[in-house]
Each structure stands twice: as C-alpha cells, then as structure tokens.
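First up is the structure itself, then whatever we jot down about it.
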Amino acid sequence: MTDEKELEFTDKQRVLIMMPLLIGGFIALLNETLLNVAFPQLMSTLHVSTSTVQWLGTAYMLIIGILVPVVAFLLKTFSTKKLYLTAMILFVVGTICCGFSELFPVLLIFRIVQGAGTGMLIPIMMNTILEIYPTDKRGAAMGTSVLVIVVAPAIGPTLSGLILQYLNWHWLFFLILPLALLAIILGMITLENVTTLTKPKIDVLSVVLSTLGFGGLIFGICSIENMGFLNSTVMVSLLCGIGGLILFSKRQFALKQPMLELRALQYPTFTLGAVLMFIAFMMPFAVGIILPTYTQSALGLTPFAAGLALLPGSILGGVITPLSGRLYDKIGARPLVIGGFAALTVAMFFLSQISASTNLIMLIILQTCMTFGISLIFTPTQTNSLNQLPKEYNAHGVAILNTMQQIAAAFGSSLFIGLMGTVQTKHLEKFKNPSISQQHAAIISGVDMAFTAALIIVVIGLILSFLIKRREISPYLNQSNLKKE
Numbered sequence: 058m059t060d061e062k063e064l065e066f067t068d069k070q071r072v073l074i075m076m077p078l079l080i081g082g083f084i085a086l087l088n089e090t091l092l093n094v095a096f097p098q099l100m101s102t103l104h105v106s107t108s109t110v111q112w113l114g115t116a117y118m119l120i121i122g123i124l125v126p127v128v129a130f131l132l133k134t135f136s137t138k139k140l141y142l143t144a145m146i147l148f149v150v151g152t153i154c155c156g157f158s159e160l161f162p163v164l165l166i167f168r169i170v171q172g173a174g175t176g177m178l179i180p181i182m183m184n185t186i187l188e189i190y191p192t193d194k195r196g197a198a199m200g201t202s203v204l205v206i207v208v209a210p211a212i213g214p215t216l217s218g219l220i221l222q223y224l225n226w227h228w229l230f231f232l233i234l235p236l237a238l239l240a241i242i243l244g245m246i247t248l249e250n251v252t253t254l255t256k257p258k259i260d261v262l263s264v265v266l267s268t269l270g271f272g273g274l275i276f277g278i279c280s281i282e283n284m285g286f287l288n289s290t291v292m293v294s295l296l297c298g299i300g301g302l303i304l305f306s307k308r309q310f311a312l313k314q315p316m317l318e319l320r321a322l323q324y325p326t327f328t329l330g331a332v333l334m335f336i337a338f339m340m341p342f343a344v345g346i347i348l349p350t351y352t353q354s355a356l357g358l359t360p361f362a363a364g365l366a367l368l369p370g371s372i373l374g375g376v377i378t379p380l381s382g383r384l385y386d387k388i389g390a391r392p393l394v395i396g397g398f399a400a401l402t403v404a405m406f407f408l409s410q411i412s413a414s415t416n417l418i419m420l421i422i423l424q425t426c427m428t429f430g431i432s433l434i435f436t437p438t439q440t441n442s443l444n445q446l447p448k449e450y451n452a453h454g455v456a457i458l459n460t461m462q463q464i465a466a467a468f469g470s471s472l473f474i475g476l477m478g479t480v481q482t483k484h485l486e487k488f489k490n491p492s493i494s495q496q497h498a499a500i501i502s503g504v505d506m507a508f509t510a511a512l513i514i515v516v517i518g519l520i521l522s523f524l525i526k527r528r529e530i531s532p533y534l535n536q537s538n539l540k541k542e
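When we follow our numbering, the leftmost residue of the sequence shown carries the number 58, and every step to the right adds one.
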C-alpha cells in the first residue's frame with residue numbers, strides 16, 4: 058500500500074523533481090556558514106562588536122529551529138510546488154536585501170528572512186524523497202540530499218575566504234543570486250506535487266509553544282558562548298525553552314491532528330537514530346569554527362588559507378556521502394554507522410592531543426578523518442530511522458530529525474567553543490602581560506579541552522551505534538511492490 062504512489066514515478070521524473078530541491082537546499086545551507094569568515098569585515102564596516110555580529114549566525118539558526126516543526130504542518134496543508142517556491146522567494150528576497158544592507162539591524166532582519174526560506178527547504182527536500190522513492194532505493198537518494206547538507210556548510214568558509222580576498226562582503230549575497238533564481242525557474246518547470254494534503258487545522262497554541270520551546274532552547278544554547286551558562290538571560294531562555302517543549306509535547310499528544318506527531322518517537326530505531334544524528338551533527342559545525350580559529354591564531358594562516366585547509370575533508374565528504382547511501386541499500390546501517398563513529402573517535406582522540414608541534418598537514422588529515430566518519434553516519438542513520446516509520450509519519454519524522462540537527466549544531470558550537478574560550482581565558486589569567494608563546498599555549502589548551510569533550514560525546518555515540526539492529530527490513534515495505542519495481 059505505501060509504495061503505490063512511489064511507483065508512479067520513473068527514474069527520470071524523480072531526477073527532475075529532485076533537481077530544484079537539491080539546488081535550493083545547497084544554496085540555502087551554503088549560506089548558513091558563508092558569513093563566518095566575513096565577521097571581522099562586517100564588524101569594521103558596520104561598527105558592531107563580536108557578540109553583536111554573531112547574531113547573524115545565531116538568528117539564522119534560530120529561525121530555522123523555530124520553523125522546522127511548523128513545516129510538518131505546512132507539508133500537509135500546501136502543495137510541494139507552492140511551498141518550495143514560497144521558500145525560495147523568501148530566500149531570494151532576503152538575499153537581495155542583505156546584499157544592499159548598509160546598517161546592521163537591516164542586515165539582521167533580512168538574514169532572518171533568508172533563514173525562514175532555508176527552514177522550509179530542507180524538510181521539503183527530505184519529505185519528497187520519502188514520497189517518490191521506494192524504500193529499497195531511499196539510501197542512494199538520501200545520500201545525495203545529505204551530501205548537500207554536509208558539503209554545502211563545509212565549503213562555505215573556503216568560498217567566503219576566496220570571495221573576500223577580491224570583493225567586499227556584499228558580494229557574498231550577490232554571487233549566489235543566479236543559482237537561487239535558477240532553482241526557482243527549475244522548480245516552476247520540473248517540480249511536481251507529491252504529498253497527500255490532509256489540510257489539518259492549525260493549532261495556534263501549538264505554534265506559540267513550539268516557538269517558545271525551540272526558540273528559547275536554541276537562543277539559550279547560542280548565548281552560552283558569549284554570556285556564560287549561569288547568566289540570567291541564558292538561564293531564563295533555557296528554562297522557557299524546556300518548559301515550552303514540555304507543554305508543546307503534552308499538547309501534541311492531546312490533539313487528534315497534532316502539528317508535530319511525536320508518536321514517531323515510540324519507534325525505538327527512529328529514536329536511536331535521532332540521538333545518533335544529534336551526537337554526529339554537533340561535530341562538523343563546532344570543528345568548522347574551532348580549527349579555522351586555531352589555524353589563524355596559532356599558525357598565522359590567512360582567512361582564505363584557513364578555509365582552504367577544510368577543503369580536502371569537504372571533497373572526501375562529497376565522495377563518501379552518496380556512496381554510504383548506496384552501501385546502506387546493500388548492507389544496512391549498522392556496519393556503516395559503527396565504522397563512522399570509530400573514525401570520529403580516532404579523529405577526536407588525536408585532535409584532543411594538539412600541541413605546539415602539531416603541523417597543518419596533521420590537522421588537515423584529522424579533519425578529513427572526522428569528515429569521513431560523519432559521511433558514513435549521516436545517510437544510513439537518517440534513512441534507517443525514517444524507513445521504520447509508517448508513511449503518515451514521514452513529514453513528522455523529517456521535521457523531528459531536522460529540528461534535532463539544528464539544536465545539535467547550536468549546542469555543539471556553543472559547548473565546544475565556550476569550553477575553548479573559558480580554558481583559554483583561565484590560562485591567560487596567570488600572566489600579566491602574556492607573550493606570544495604564552496598566548497599560543499592558552500589557545501592550544503582551550504582547543505585540547507574542547508576536543509576532549511567532543512571525544513567523550515563521540516565515544517557515547519560509538520557505544521550506542523552497536524544498538525542498531527543488523528540488516529532490518531522496514532515493516533512498511535511492501536515486498537510485492539519491490540518485485541514490480
């Protein structure tokens with residue numbers, strides 16, 4: 058039953074449907090990290106502090122985190138094509154206005170508009186895969202989409218460094234416009250409506266509680282780095298977030314048509330996958346900030362060179378991610394995820410041992426090893442988790458996993474960078490006028506502490522990965538339909 062609609066699509070139709078979704082998702086996620094390297098230039102031209110300019114990243118993640126749970130409702134209310142074009146138009150409008158911004162508040166407002174488009178695009182892309190591909194082909198398809206999720210943010214700093222070497226920060230927005238417009242044109246031509254619309258009634262209280270819960274939690278987590286965990290603003294935000302999520306969860310279980318179907322979490326394989334995705338997703342965003350900071354501060358690299366050092370890992374991720382999806386279709390998730398966490402453990406162990414004698418080549422190798430591990434984890438875990446859900450939970454499962462990923466990215470960045478900064482500050486407090494070598498030692502001690510914490514978390518993920526069952530067939534896979542395919 059569940060595969061009848063999937064079988065209506067030929068391979069050519071699936072490619073044409075996915076093309077605009079993949080291009081749109083790539084541009085939106087590239088934009089998530091594109092500004093990181095430009096922060097010093099933005100601070101200078103817009104006359105804002107470090108803590109202020111970081112809101113350009115925080116607000117982007119915040120709006121995505123708030124929107125993703127709502128998209129599960131939107132996917133059941135509006136057609137795929139209409140929702141996609143709305144998301145892309147929001148993104149383009151935000152991008153154009155960001156490019157012409159001359160004042161920080163204006164830039165921040167339209168950065169949020171960009172984030173609103175991104176928050177809708179990724180769940181649309183994931184849900185469409187579940188709608189148009191049969192279960193035994195989802196691994197390869199999901200691998201392509203996860204390739205976008207992994208590679209786009211990874212190459213953001215490198216591309217940004219290259220652009221800023223020749224042009225000012227406004228061009229970070231202008232240069233992605235042609236691709237965004239291409240994605241809109243392709244969407245108008247090739248995208249088909251693939252979801253069954255149930256037109257659920259909007260529950261305003263659920264939207265309010267979702268916004269309070271996810272917004273408060275992500276805001277609080279993102280603020281830890283600058284304000285400290287015990288800061289009153291951080292504590293109130295986290296408490297509001299946790300309280301909002303508890304009330305939101307109770308509300309969903311009480312509704313006949315919940316905005317976000319949390320009953321998906323009653324499936325053990327899905328819940329385990331969500332936890333593993335959370336752990337894995339903490340790493341690339343944190344390492345993507347820590348290593349460029351370390352290589353610029355301790356090794357004296359330029360922003361472009363620091364971004365370029367991450368490129369080999371990004372290239373390897375681009376190769377391994379789709380391959381891991383194809384391997385999942387053949388051997389299942391367990392060996393791939395265990396192997397991925399093993400590679401992550403090795404990378405984090407050696408990164409936690411960084412010293413003054415650690416050279417750039419070694420850092421590139423370790424970052425590449427980390428990317429290899431993550432590329433083995435993402436696609437099999439996500440596909441395996443979603444395959445265990447009945448079809449009516451697809452949109453909700455996608456929304457839950459995407460929300461977990463946004464919270465993980467915010468939490469990982471704040472936790473590891475906060476630890477690095479705290480240890481670095483305590484180390485420098487010992488000296489009245491620290492020398493260059495003492496400053497480098499402080500940076501190294503902070504980086505070591507951040508990666509030690511990451512190592513502990515990754516080891517937990519490695520242990521949990523052994524709980525994944527050996528090659529298992531989804532209970533919602535219709536074997537007779539598979540034979541027809």
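Yeah, the Cβ is synthetic: ideal placement off N, Cα and C, and Gly gets one too.
Pairing CB atoms from the stretch 384-396 with CB atoms from the stretch 406-414, are three or more of them under 8 Å?
-> no
Helix or strand or just coil, what does DSSP make of Ile259?
-> The sequence position of residue 259 within the sequence shown is 202, counting from 1. Per DSSP, reduced to three states, the secondary structure at Ile259 is coil, with no helix or strand assignment.
Per DSSP, what kind of secondary structure is Trp228 in: helix, strand or coil?
-> Taking the sequence shown and counting its residues from 1, one reaches residue 228 at position 171. It is helical.
Considering Phe167, what are the terminal residues of the alpha helix (DSSP H) in which it resides?
-> Here residue 167 is taken as the residue at index 110 of the sequence shown, counted from 1. Element bounds for Phe167: 161-189.
Entirely enclosed alpha helix (DSSP H) segments - the stretch 385-435, minimum 4 residues | 391-408
What's the gap between the Cα of Pro191 and the Cα of Thr152?
-> Locating residue 191 in the sequence shown gives position 134, counting from the first residue. Locating residue 152 in the sequence shown gives position 95, counting from the first residue. Put simply, the backbone Cα of Pro191 is about 36 Å away from that of Thr152.
How big is the Cα-Cα spacing for Ile570 and Ile281?
-> No information on residue 570 is available, as it lies outside the stretch 58 to 542 that the chain covers here.
Between Glu65, Ser371, Ile166, which lies nearest to Pro210 when the distance is taken from Cα to Cα?
-> Along the sequence shown, read from residue 1 onward, the residue named residue 210 stands at position 153. Nearest option by C-alpha distance: Ser371.
Can you give me the start and stop residues for the alpha helix (DSSP H) that Thr137 sits inside?
-> The sequence position of residue 137 within the sequence shown is 80, counting from 1. Note, Thr137: alpha helix (DSSP H), 137-157.
Could you name the residues of the same chain whose beta carbon sits closer than 6 Å to that of Met75, not counting the 5 residues immediately before and after it, in chain order?
-> Position 18 of the sequence shown, counted from the start, is the residue given in the question as residue 75. The answer is none, since no qualifying residue turns up.
Helix, strand or coil: how does DSSP classify Met316 here?
-> Along the sequence shown, read from residue 1 onward, the residue named residue 316 stands at position 259. Coil at Met316, not helix or strand.
Rank Leu304, Leu380, Ile241 by C-alpha distance to the C-alpha of Leu147 and give the top, closest one.
-> In the sequence shown, counting from the first residue as 1, residue 147 sits at position 90. Ranking Leu304, Leu380, Ile241 by Cα distance to Leu147 puts Ile241 first.
Out of curiosity, what's the CA-to-CA distance linking Thr115 and Leu165?
-> On the sequence shown, position 58 is the one that residue 115 refers to. On the sequence shown, position 108 is the one that residue 165 refers to. If you take the alpha carbons of Thr115 and Leu165, they lie about 10 Å apart.
Closest by C-alpha distance to Ala237, when choosing among Leu373, Ala85, Gly503 = Residue 237 sits at position 180 when you count from the first residue of the sequence shown. Of Leu373, Ala85, Gly503, the smallest CA-CA separation from Ala237 is found for Ala85.
For Ala198, which three-state DSSP category applies?
-> Start at 1 with the first residue of the sequence shown, and residue 198 comes out as number 141. Three-state DSSP puts Ala198 in a helix.
Report back the beta-carbon spacing between Ala456 and Ala129 to the nearest angstrom; my notes put them in contact at under 8 Å.
-> On the sequence shown, residue 456 is found 399 positions in, with the first residue counted as 1. On the sequence shown, residue 129 is found 72 positions in, with the first residue counted as 1. With 8 Å as the limit, Ala456 and Ala129 qualify as a contact, their Cβ atoms being about 4 Å apart.
Leaving out five residues before and five after Leu485 in sequence, what residues of the same chain have Cβ atoms less than 8 Å from its Cβ?
-> For the purposes of this step, residue 485 is taken as residue 428 along the sequence shown, with counting starting at 1. Excluding residues within five positions, the ones whose Cβ falls inside 8 Å are Pro491, Gln495, Gln496, Ala499.
Spatial neighbours of Leu302 in its chain, beta-carbon cut-off 6 Å, leaving aside the 5 residues before and after | Within the sequence shown, numbered from 1, the residue matching residue 302 stands at position 245. So the qualifying residues of the chain are Gly270.
Rounded separation between Ser470 and Thr460 - CA only = What you label residue 470 is simply residue 413 of the sequence shown in a count that begins at 1. What you label residue 460 is simply residue 403 of the sequence shown in a count that begins at 1. If I take the Cα positions, the gap works out to 16 Å.
Cβ shell of Gly364 (< 7 Å), same chain only, five flanking positions each side left out | Within the sequence shown, the letter at position 307 stands for residue 364. Val94, Pro214, Thr215, Ser217, Gly218, Pro349.
For Tyr324, three-class secondary structure by DSSP | Position 267 of the sequence shown, counting from 1, holds the residue named residue 324. For Tyr324, the three-state secondary structure derived from DSSP is coil.
Taking the alpha-carbon positions, what's the Thr436 to Gly122 distance?
-> One-based indexing of the sequence shown puts residue 436 at position 379. One-based indexing of the sequence shown puts residue 122 at position 65. Looking at the two C-alpha atoms, the distance is approximately 21 Å.
Pick from Val170, Trp112, Thr185: whose alpha carbon is nearest that of Gly71?
-> Looking up residue 71 in the sequence shown gives position 14. Residue 71 is actually Arg in this sequence, not Gly. For the residues Val170, Trp112, Thr185, the minimum Cα distance to Arg71 belongs to Thr185.
CA-CA distance, Val504 and Tyr351?
-> Position 447 of the sequence shown, counted from the first residue, corresponds to residue 504. Position 294 of the sequence shown, counted from the first residue, corresponds to residue 351. Near 8 Å, if we compare the C-alpha coordinates of Tyr351 and Val504.
Between Leu221 and Phe230, what straight-line distance do the alpha-carbon atoms span, to the nearest angstrom?
-> Within the sequence shown, numbered from 1, the residue matching residue 221 stands at position 164. Within the sequence shown, numbered from 1, the residue matching residue 230 stands at position 173. For Leu221 and Phe230, the distance between alpha carbons rounds to 12 Å.
Please name the residue in Glu188, Cys297, Trp226, Phe473 whose C-alpha comes closest to that of Glu65.
-> In the sequence shown, counting from the first residue as 1, residue 65 sits at position 8. Nearest of Glu188, Cys297, Trp226, Phe473 to Glu65, Cα basis: Glu188.
Beta carbon of Met419 nearer than 8 Å to that of Val515 | As a working note, residue 419 is residue 362 in the sequence shown. As a working note, residue 515 is residue 458 in the sequence shown. Their beta carbons are not under 8 Å apart, which means Met419 does not touch Val515 by this criterion.
Determine the extent of the alpha helix (DSSP H) in which Val105 is found, giving its start and end residues.
-> Position 48 of the sequence shown, counted from the start, is the residue given in the question as residue 105. Taken as a continuous stretch (DSSP letters only), Val105 belongs to no alpha helix (DSSP H), as it is neither H nor E.
Specify the secondary structure class of Thr252 as computed by DSSP and reduced to three states.
-> Looking up residue 252 in the sequence shown gives position 195. The DSSP-derived three-state label of Thr252 is coil.
Counting pairs of beta carbons, one from the stretch 177-184 and one from the stretch 415-432, are three or more of them closer than 8 Å?
-> no
Straight-line gap, Thr479 to Val264 (C-alpha atoms, nearest Å) | By 1-based counting over the sequence shown, the position of residue 479 is 422. By 1-based counting over the sequence shown, the position of residue 264 is 207. When rounded, the distance between both Cα atoms is 36 Å.
So, is Phe276 buried or exposed, given that buried needs 16 or more other C-beta atoms within 10 angstroms?
-> By one-based count along the sequence shown, residue 276 stands at place 219. Buried, because 16 or more other Cβ atoms sit within 10 Å of the Cβ of Phe276.
If you draw a straight line from the alpha carbon of Leu322 to that of His453, how long is it in whole angstroms?
-> For this step, residue 322 is matched to residue 265 along the sequence shown. For this step, residue 453 is matched to residue 396 along the sequence shown. The C-alpha of His453 is placed about 10 Å away from the C-alpha of Leu322.
Excluding five sequence neighbours on each side, which residues of the same chain lie with their C-beta closer than 6 Å to the C-beta of Arg320?
-> Here residue 320 refers to the residue found at position 263 when the sequence shown is read from its first residue. Take Arg320, set aside five residues on each side of it, and no residue of its chain has a beta-carbon closer than 6 Å to its own.
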